[in-house]
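When the count follows my numbering, it moves up by one through the sequence shown with no breaks and lands on 207 for the last residue.
Every residue gets a Cβ at the ideal spot worked out from N, C-alpha and C, and that includes glycine.
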Amino acid sequence: SSSLPTLVMYFCLFLIFLTYAQSENRNYRIVFDKAKISYVDTELFEKFEVQLVEINNRSCIDAAQILKQRVESLMLHAVLDFWKGNTQHMRVYDINYNWCDLSDWTGKNRLIKNYGKALLKFAAMKPKCPLEANVTFEVKNLYFDEMDFPSFVPLGKFRSLYEYVVDQKTRASLLIYGRVISWADS
């Protein structure tokens, strides 16, 4: 099929995206278009909020969570899907990692490592378990610094799913939609 070589080509581009070190200035930027909370277990979460804000021509995420009860361990199921054009879809990752163990995320792949780096940079406090009840975990103005990524990243759309799992049960689910666009188009 003629689409198989194209799919292989995009897979190779994403491997480059994930593995090569950054060098010169980036000609793209990462834009968040929509954040959607699709499920929250209100027996566990007192508060689970996410909103997008625009600061200095940059898309940012503000989020806050408060638990009603102490949580010994929290797993995060993360999925990133990417579309180049309207039809070429690629699942970049579909992984589970321990929210409480920062070393668990950094070893997964470069994108998760960059997510962890951004999260720690913009979080009011580091996540550590057990997660206590009635304590606000807050992230303000989170964005991804393009200099943390390779110089070439394909332009397209993405959807990122985050499922918060406690005791092998999904307790909250968040979808973030966005784009990788050329600086010239921003």
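- Shown here for E70: same chain residues with a beta carbon closer than 6 angstroms to its own, the five before and five after excluded, namely A85 in chain order.
- Note that the C-beta distance between L73 and F103 is not below 7 angstroms.
- Three or more beta-carbon pairs separated by less than 8 angstroms link the segment 78-97 to the segment 50-65, which places the two stretches in contact.
- The DSSP-derived three-state label of L141 is helix.
- Per the C-alpha coordinates, the member of M146, I202 and L95 positioned closest to T157 is M146.
- Partner residues in a beta bridge of N77, as assigned by DSSP, do not exist.
- Boundaries of the beta strand (DSSP E) harbouring K55: Y49 to V61, taken from the DSSP string.
- One Cα belongs to S194, the other to L176, and the distance between them is close to 26 angstroms.
- For W104, the uninterrupted beta strand (DSSP E) segment begins and ends at M96 to K105.
- For M111, the enclosing beta strand (DSSP E) starts and ends at Q109 to N119.
- Counting C-beta pairs with one atom in each stretch, the segment 176-185 and the segment 158-166 have fewer than three that are closer than 8 angstroms, which means they do not touch.
- Counting the other CB atoms within 10 Å of its CB gives S59 a total below 16, which places it among the exposed residues.
- Out of P171, A99 and G106, the CA that lies nearest to the CA of G137 is found in A99.
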